[in-house]
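Colleague:
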Amino acid sequence: MIATAHRQKSTKMSLAVHTPRILCVDDDPDLHTNLELRMQIYDVKIERAFYGMQGIVEAAHTLPDLILMDHAMPNGDGEYLLQCIKSNRATANIPIIVLTGMRDPVLRNRLIAGGADVFLNKPIAFDDLVHEMSRFIDLRLREDEGGNPC
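Counting from 1, one number per residue, gives the positions in the sequence shown under UniProt numbering.
#1: On a Cα-Cα basis, can you pick out the residue from Asp138, Gly115, Met69 and Thr62 that is closest to Cys24?
#2: Between which two residues does the beta strand (DSSP E) containing Arg48 stretch?
#3: Say whether the region 118-126 touches the region 99-108, bearing in mind that this needs 3 or more beta-carbon pairs closer than 8 Å, one atom from each stretch.
#4: Excluding five sequence neighbours on each side, which residues of the same chain lie with their C-beta closer than 7 Å to the C-beta of Asp77?
#5: Can you check which of these residues, Ala49, Ile41, Ala16 and Pro20, is closest to Asp30 by C-alpha distance?
#6: Runs of 3 residues minimum, wholly inside the UniProt domain "Response regulatory" (21-137): which ones carry the beta strand (DSSP E) assignment?
#7: Taking all protein chains shown into account, decide if Thr91 is buried (16 or more other Cβ within 10 angstroms of its Cβ) or exposed.
#8: If you drop the 5 nearest sequence neighbours on each side, which residues of the same chain put their C-beta closer than 7 Å to that of Glu132?
#9: Using only CA atoms, which one of Asp128, Leu129, Glu79 and Arg135 lies nearest to Ile112?
#10: Would you kindly work out how many angstroms separate the C-alpha atoms of Val130 and Ala59, rounded to a whole number?
So this is what it looks like as structure tokens:
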């Protein structure tokens with residue numbers, strides 16, 4: 001009886017689903033707030049960083065599943081952040097989506113060549129962002145305690 005109970009508990013624990021972690025690096029607090037509000041329906045954890053160096057430290061510390069980053073930020077712009085993340089073995093394989101208001105094809109090509117996976121121009125349609133994020137992480141709808149989606 002004890003072995004059966006332990007086996008059932010082990011099975012339940014092994015069925016635990018990973019909650020994807022997203023690191024958003026942007027100096028605009030409104031972007032962070034809007035992202036968190038819009039992403040509430042998904043089972044994800046969102047971490048915040050407001051400038052390049054903070055993003056580098058957070059990425060190395062939390063090892064997120066996906067990074068969303070601005071290009072123009074204080075204390076380390078997007079290119080510096082991208083270079084640091086891609087040159088660190090622990091963070092090199094984390095997918096990166098660049099979100100920027102800069103509509104510069106040369107910049108886009110440089111960031112993609114530097115390791116960015118996606119380059120999106122602000123303002124960004126939320127559905128487009130969700131579509132791009134879903135290429136890299138599993139976006140499951142959050143469930144309430146009754147098992148029904150929110």
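For each residue, glycine too, the CB sits at the ideal point set by N, CA and C. Bear in mind that the values here come from a model prediction, so they are computed numbers and not experimental data.
Modeller: Answer, in terms of the structure:
#1: Along the sequence shown, one-based indexing puts residue 24 at 24. Ranking Asp138, Gly115, Met69 and Thr62 by Cα distance to Cys24 puts Met69 first.
#2: For the purposes of this step, residue 48 is taken as the residue at position 48 of the sequence shown. Where Arg48 is concerned, the enclosing beta strand (DSSP E) stretches over Lys45 to Ala49.
#3: Of all C-beta pairs linking the region 118-126 to the region 99-108, three or more are shorter than 8 Å, placing the two stretches in contact.
#4: As a working note, residue 77 is residue 77 in the sequence shown. Taken in chain order, the residues that qualify are Gly52 and His71.
#5: The sequence position of residue 30 within the sequence shown is 30, counting from 1. Checked all of Ala49, Ile41, Ala16 and Pro20; the closest Cα to Asp30 is Ala49.
#6: As far as the UniProt domain "Response regulatory" (21-137) is concerned, its whole beta strand (DSSP E) runs of at least 3 residues are 21-25, 45-49, 66-69, 96-100 and 118-121.
#7: Position 91 of the sequence shown, counted from the first residue, corresponds to residue 91. Classification for Thr91: buried.
#8: Taking the first residue of the sequence shown as 1, we reach residue 132 at position 132. Ile97, Val118 and Leu120.
#9: In the sequence shown, the residue the question calls residue 112 occupies position 112. For Ile112, the nearest C-alpha among the options comes from Glu79.
#10: As a working mapping, residue 130 is identified with position 130 in the sequence shown. As a working mapping, residue 59 is identified with position 59 in the sequence shown. If you take the alpha carbons of Val130 and Ala59, they lie about 21 Å apart.
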